[in-house]
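K.L.:
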Amino acid sequence: MASRKPCEELCLVHPGYHTGMGGTTFPDGFAWGVATSAFQIEGGWQEGGKGLSVWDVATERTGFVKDGSNARVACDHFNRLEEDAELIAGMGLNAYRFSISWPRVLPEGVGAVSLEGLGFYDRLVDALLARGIQPFATLFHWDYPYDLFKRGGWLAADSPAWFAEHASVVVDRLSDRVSNWITFNEPQCFLGDGHLSGVHAPFVQLGWRAFFEAQRNALLGHGLACQAIRQRALREPLVSIATCAAAGIPATSDAADVAAASKWGLEIQQLAAWHGGLYLDPILRGVWPTCDGRPVGEEFIEVSEVDLATMNQRLDYLGLNYYTSPRVRAGRGGVAEELPYEESWPRSAFGWPINPEGLYWATKFYYERYGSPVMVTENGIWLDDKLADGRVDDPERIEFIRSHLLQIRRALADGLPVLGYLHWTLMDNFEWAEGFRPRFGLVSCDHATQRRVPKTSAAWFAEVARTNGATL
Ligand code: IFM
136 MASRKPCEEL CLVHPGYHTG MGGTTFPDGF AWGVATSAFQ IEGGWQEGGK
186 GLSVWDVATE RTGFVKDGSN ARVACDHFNR LEEDAELIAG MGLNAYRFSI
236 SWPRVLPEGV GAVSLEGLGF YDRLVDALLA RGIQPFATLF HWDYPYDLFK
286 RGGWLAADSP AWFAEHASVV VDRLSDRVSN WITFNEPQCF LGDGHLSGVH
336 APFVQLGWRA FFEAQRNALL GHGLACQAIR QRALREPLVS IATCAAAGIP
386 ATSDAADVAA ASKWGLEIQQ LAAWHGGLYL DPILRGVWPT CDGRPVGEEF
436 IEVSEVDLAT MNQRLDYLGL NYYTSPRVRA GRGGVAEELP YEESWPRSAF
486 GWPINPEGLY WATKFYYERY GSPVMVTENG IWLDDKLADG RVDDPERIEF
536 IRSHLLQIRR ALADGLPVLG YLHWTLMDNF EWAEGFRPRF GLVSCDHATQ
586 RRVPKTSAAW FAEVARTNGA TL
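According to my numbering, the residues represented by the sequence shown are 136 to 607, in order.
Written out as structure tokens, the structure reads:
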């Protein structure tokens, strides 16, 4: 395949990104879209020959999901993809990020392929392209095949190859039409929340040794999948990963605070699964992260140069999922110290402090450290909004999006390459261990009737996208 500069031909990316942007507008070709994940919207849990995922199994057992619900039907997107593609088109968006359910295309995780499962994604991609919407396919957004979990899951030595097989099957089928590939969504969550704190499926608390084994295998899987995508894709692929992108927000403009904030979450100060550097240093710099000059987790794991070379595959851009960030100041010796938010600080219904400035700083600090252009692959807010008289007014969501987009504009004006903004999420959906209570959507979804009603924010976002940000 002919070589070219990263992103040069990404239909959604303007070449100006690589020559310094400046200005206060969004560049031509900026991606305006929404993001979803398979498990949270598809339903159809046993339709079309789909196998079970660890989330299917966990949600069948009581106690894991706060409201006792499950995602057997969710938003029934499996049976309503045309209607949902029409919703996205109705907002005039040019990008849609979705995930491929691994057990839908490979019911046992490896081996036999479900043609019906693949056919569903075929139809989805066609429905998007017919409406001028670029598909962004995430290969794994947490719904790990249960059969592979029983064989050791991410702890199994074969797990990197299993993931690469999944990637290969999907790429062989869809890469004549899909260019944008995202390997994982938020490794922090499926590894840290899934295997260490045990608050997400597979709901296990394995301790640090097993966490690092799973983390190493997942990073190898990412590397092998990147190779498989680049080797097999029929259209020139753009490869990425979507990471939790909390960043330190400097408590003051003092250089010491800015320097401390730039390290927060990227240079490891203590063991914690949410550190971006734990995943991105091997992936984007080809080095194992250190803490006080020693390899992180060295008491648990050894990672060879060959492993690092596999993990370290070039990415065309880095996906940042941004929701909140702490304020950080320089403590003794310049060490990053968190400054707690006051009780009165505005928060989402999740309790997450709202601080849009963190999106600017995340863009800056991740770009400075890793040098990849940035795509905001998620950003959104849980509000307790309600349908009343057939409509949902959600001015807080509008203000949330507006304030975050202004921070992207600030980043662009500083010459930082931001390729697009994919709002989380299209419609109210199944929010993992929280169940259906959280409402993150631009479109309200009644999960009993499956009636979709665009909220006020959907019309507002549509107008911003239509004018390429000029109406902000
Ligand atoms: O719903 C999740 C999504 O699956 C991953 N990122 C955060 C979102 C909101 O919690």
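Ideal placement from N, C-alpha and C gives every residue a C-beta, glycine not left out.
Being a predicted model, the structure only gives us computed values, none of them experimental.
Is F275 a contact residue of the ligand IFM, with contact defined as CB to any heavy atom under 7 angstroms?
P.N.:
Indexing the sequence shown from 1 puts residue 275 at position 140. Because no heavy atom of the ligand IFM lies under 7 angstroms away, the Cβ of F275 does not count as near it: no.
K.L.:
Let me check you understand the geometry: is the CB of E321 closer than 7 angstroms to at least one non-hydrogen atom of the ligand IFM?
P.N.:
Against the sequence shown, residue 321 aligns to sequence position 186. Within the cutoff, so yes.
K.L.:
Ignore the nearest five residues each way along the sequence and tell me which others in G411's own chain have a CB closer than 6 angstroms to its CB.
P.N.:
Counting from one through the sequence shown, the residue named residue 411 turns up at place 276. Non-local C-beta neighbours of G411 in its own chain, meaning closer than 6 angstroms and more than five positions away in sequence, comprise T378, G400, L401, ordered along the chain.
K.L.:
Name the residue from V511, D191, L540 whose alpha carbon lies nearest to the alpha carbon of S375.
P.N.:
If you number the sequence shown from 1, residue 375 lands on position 240. It is V511 whose Cα lies nearest to the Cα of S375.
K.L.:
For S294, tell me which candidate among G327, V305, N447, L354 has the shortest Cα-Cα distance.
P.N.:
Sequence index remark: in the sequence shown, residue 294 carries index 159 (1-based). Residue nearest to S294 within the set G327, V305, N447, L354 is L354 (criterion: CA-CA distance).
K.L.:
Taking just the CA atoms, how far does D529 sit from W297?
P.N.:
As a working mapping, residue 297 is identified with position 162 in the sequence shown. As a working mapping, residue 529 is identified with position 394 in the sequence shown. Computed Cα separation, rounded: 43 angstroms.
K.L.:
Could you tell me the boundaries of the beta strand (DSSP E) in which V588 lies?
P.N.:
The residue labelled residue 588 in the question sits at position 453 within the sequence shown. Unbroken beta strand (DSSP E) run through V588: 586–589.
K.L.:
According to DSSP, P385 sits in a beta bridge with which residue or residues?
P.N.:
The residue labelled residue 385 in the question sits at position 250 within the sequence shown. DSSP lists V463 as partners of P385.
K.L.:
Which of helix, strand or coil does DSSP assign to H558?
P.N.:
Sequence index remark: in the sequence shown, residue 558 carries index 423 (1-based). H558 falls in the strand class under three-state DSSP.
K.L.:
Secondary structure at G604, three-state DSSP: helix, strand or coil?
P.N.:
As a first step, residue 604 is located in the sequence shown; it is residue number 469 there, counting from the start. Coil.
K.L.:
Looking at D282 and W237, is the spacing between their C-beta atoms short of 8 angstroms?
P.N.:
Taking the sequence shown and counting its residues from 1, one reaches residue 237 at position 102. Taking the sequence shown and counting its residues from 1, one reaches residue 282 at position 147. No, the Cβ-Cβ distance between W237 and D282 is not below 8 angstroms.
K.L.:
Is it the case that the CB of E566 approaches a heavy atom of the ligand IFM more closely than 7 angstroms?
P.N.:
Here residue 566 refers to the residue found at position 431 when the sequence shown is read from its first residue. Result yes, Cβ under 7 angstroms from the ligand IFM.
K.L.:
Report yes if the C-beta distance between A230 and A166 is below 8 angstroms; otherwise report no.
P.N.:
By 1-based counting over the sequence shown, the position of residue 230 is 95. By 1-based counting over the sequence shown, the position of residue 166 is 31. Yes.
K.L.:
Since I317 and A272 should fall inside the 8 angstroms C-beta cutoff, what is the C-beta to C-beta distance between them, to a whole number of angstroms?
P.N.:
As a position in the sequence shown, residue 317 is number 182, starting the count at 1. As a position in the sequence shown, residue 272 is number 137, starting the count at 1. About 7 angstroms; that satisfies the 8 angstroms criterion.
K.L.:
Which runs of the beta strand (DSSP E), 3 residues or longer, sit entirely within the stretch 170–238?
P.N.:
230–234
K.L.:
Return yes when the C-beta of S172 is under 7 angstroms from any heavy atom of the ligand IFM, and no when it is not.
P.N.:
Within the sequence shown, residue 172 is the residue found at index 37, counting from 1. S172 has its Cβ nearer than 7 angstroms to a heavy atom of the ligand IFM.
K.L.:
Indicate, with yes or no, if the ligand IFM has a heavy atom lying under 7 angstroms from the CB of E177.
P.N.:
Here residue 177 is taken as the residue at index 42 of the sequence shown, counted from 1. The answer is no for E177.
K.L.:
Relative to the ligand IFM, is the shortest distance from any of its heavy atoms to the C-beta of E503 smaller than 7 angstroms?
P.N.:
Numbered from 1 along the sequence shown, position 368 holds the residue referred to as residue 503. Checking every heavy atom of the ligand IFM against the Cβ of E503, none is found closer than 7 angstroms.
K.L.:
In whole angstroms, what separates the C-alpha of D519 from that of A568?
P.N.:
Counting from 1 along the sequence shown, the entry for residue 519 is found at position 384. Counting from 1 along the sequence shown, the entry for residue 568 is found at position 433. Going from the Cα of D519 to the Cα of A568 covers about 17 angstroms.
K.L.:
Can we say the stretch 543–561 touches the stretch 160–178, given the rule of at least three CB pairs closer than 8 angstroms?
P.N.:
Yes, the stretch 543–561 touches the stretch 160–178.
K.L.:
Just verifying my parser: in three-state terms, what is the DSSP assignment at G157?
P.N.:
Locating residue 157 in the sequence shown gives position 22, counting from the first residue. Model confidence at G157 stands at a pLDDT of 41, short of 50, so the residue's coordinates are unreliable; what they give is reported in the following sentence. Coil at G157, not helix or strand.
K.L.:
Near S332, which residues of its chain fall below 8 angstroms by C-beta distance, leaving aside the five closest residues on each side in sequence?
P.N.:
By 1-based counting over the sequence shown, the position of residue 332 is 197. The answer, listed in chain order, is Q340, A408.
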